[in-house]
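**Q** FYI, our numbering numbers position 89 of the sequence shown as 99, with every residue one higher than the one before it. Backbone N, C-alpha and C fix where the C-beta goes; we use that ideal spot for every residue, glycine too. Here the structure is a predicted model, which is why all the values come from computation and not from measurement.
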Amino acid sequence: GELGGVEALKVKMGAEDVTFQMPMAAPSGAQIKTDAAQPPTSDAVLHTLWTFLGGGSSSEPLTAAAVSAALQSTAVSNDSSTEDHLTYVVFEKAFMAAAAATA
11 GELGGVEALK VKMGAEDVTF QMPMAAPSGA QIKTDAAQPP TSDAVLHTLW TFLGGGSSSE
71 PLTAAAVSAA LQSTAVSNDS STEDHLTYVV FEKAFMAAAA ATA
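#1: If you pair each beta-carbon of the stretch 79-89 with each one of the stretch 36-53, do three or more pairs fall below 8 Å?
#2: How long is the line joining the alpha carbons of T61 and T44, rounded to whole angstroms?
#3: Decide if T73 is buried, meaning its Cβ has at least 16 other Cβ atoms within 10 Å, or exposed.
#4: Return helix, strand or coil for E70, following the three-state DSSP convention.
#5: Quick one: any contact between the stretch 46-53 and the stretch 98-109, if contact means 3 or more CB pairs under 8 Å?
#6: From E17 to S91, what does the alpha carbon distance come to, in whole angstroms?
#7: Which residues mark the beginning and the end of the alpha helix (DSSP H) in which V55 is found?
#8: Taking the C-alpha atoms as reference points, what is the distance between V55 and L19?
#9: Excluding the five sequence neighbours on either side, which residues of its own chain have a C-beta within less than 8 Å of the C-beta of T58, listed in chain order?
#10: Do G11 and E70 have their C-beta atoms within less than 9 Å of each other?
#11: Would you kindly check if the distance between the Cβ of A85 and the Cβ of S100 is under 9 Å?
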């Protein structure tokens, strides 16, 4: 598969058949759980997610292979104990670094 840019990511994430769940290791609370179940709508968050997933320009396509390579690289470069998964802590650390780079 392929996404055609940040706008395509926003549309896909807002689709009715896409659901979100709070990671088990994330802080708890009723409002946090409610917010975590909503798709991101902030342009800053979407651009950060795009960068985090390996996207370059906001209008160039992003392939599944590029996302897989970016996530594997992120896991390894952020001290994951394995290259085939991201813990919440590793995801948070890498996402915050991506957010700082896109600010």
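**A** By the coordinates alone:
#1: In short, these stretches do not touch, since the Cβ pair count stays below three.
#2: One C-alpha to the other measures close to 25 Å.
#3: By the neighbour-count criterion, in which a residue is buried when 16 or more other Cβ atoms sit within 10 angstroms of its Cβ, T73 is exposed.
#4: In the structure shown, E70 sits in coil (DSSP, three-state: anything other than H, G, I, E or B).
#5: No: fewer than three Cβ pairs fall under 8 Å.
#6: Going by C-alpha positions, E17 is about 33 Å away from S91.
#7: Looking at the DSSP string, the run of the alpha helix (DSSP H) that includes V55 is D53 to F62.
#8: The straight-line gap from Cα to Cα measures roughly 11 Å.
#9: Only F105, A108, A109 and T112 meet the Cβ criterion.
#10: Using a Cβ distance threshold of 9 Å, G11 and E70 do not count as a contacting pair.
#11: Here the sequence assigns Val to residue 100, which means Ser is not the residue at that position. In contact: V100 and A85 (Cβ atoms closer than 9 Å).
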